[in-house]
Amino acid sequence: NNNNNASATTANTHHHESSFTGGAAPGSIGWQAPEVLALRTGADPSPSPSSSSSTSASTTATNSNRRSVDIFSLGCIFHSVLVPSVHPYGEWYEREANIMRRSPTQLSQLLADKGNIAGYDLVQSMIRHDAHKRPSAPQICQHPLFWEQNTKIAFLCELSDRLESLCETTNIFSGNETTSDSIATTTATTTTTST
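To convert, note that position 167 of the sequence shown is 167 in UniProt numbering; the numbers rise steadily by one, no gaps.
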């Protein structure tokens, strides 16, 4: 089913979504990361590595930037597969403006109906405006969206046990302290140990 959606997405590249590879801004119009759009349109791009950095460090940063550009485009593709043929930044004529405005107008569709919370979480992280905050390819592969059913059940059971233990602990101590940070930390730790 997802393969059909992916095929439909590929076939849905219209004449106005021209692709090009020459110069410093390869890719399809409307699917490019904001830093690529900034370079193409002459806007001030993200700060480059310090001139005092070594050549190897600069090369590493450049490779990392290239990968983050691909992650952004892949996030848009993921959205178009999870919500068939719907681009997270809207119609072709408004996509680039919405990308630069940090306004993924259609992203909320992932939460419609039954709600694909895992899909929403992954896509929104992949299309972050700040390239340095986008996940790496290995991190994407470890995301709960791609977990097997048994892994999801094991995670929920372990999380439930930890939350129950946490609630019992906080009931022992008096006070009105909030436990949201502890719960968040517990969840993050559980996610790390489960992947």
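Cβ atoms here follow ideal geometry from the backbone N, Cα and C, with glycine treated the same way.
Local conformation of residue i per DSSP, three classes
i: residue 28; result: strand
i: residue 127; result: coil
i: residue 114; result: coil
i: residue 198; result: This structure cannot speak to residue 198, because the chain is shown only from 1 to 195.
i: residue 119; result: helix
i: residue 79; result: helix
i: residue 106; result: coil
i: residue 152; result: helix
i: residue 91; result: coil
i: residue 67; result: helix
i: residue 84; result: coil
Limits of the unbroken alpha helix (DSSP H) element including residue i
i: residue 97; result: 95 to 100
i: residue 41; result: 34 to 41
i: residue 138; result: 137 to 141
Option nearest residue i by Cα separation, candidates the options
i: residue 90; options: 101, 76, 106 and 142; result: 106
i: residue 78; options: 170, 139, 159 and 126; result: 126
i: residue 87; options: 138, 30 and 159; result: 30
i: residue 132; options: 157, 120 and 34; result: 34
i: residue 143; options: 129, 118, 130 and 108; result: 118
i: residue 121; options: 137, 40, 68 and 75; result: 75
i: residue 96; options: 116, 36, 71 and 81; result: 36
i: residue 136; options: 28, 99, 72 and 108; result: 72
i: residue 108; options: 102, 84 and 116; result: 116
i: residue 38; options: 100, 134, 145 and 160; result: 100
i: residue 70; options: 98, 140, 102 and 104; result: 140
i: residue 67; options: 83, 32, 92 and 82; result: 32
The region 147 to 159 / the region 107 to 115 touching (three or more Cβ pairs under 8 Å): Cβ pair count under 8 Å is below three, so no.
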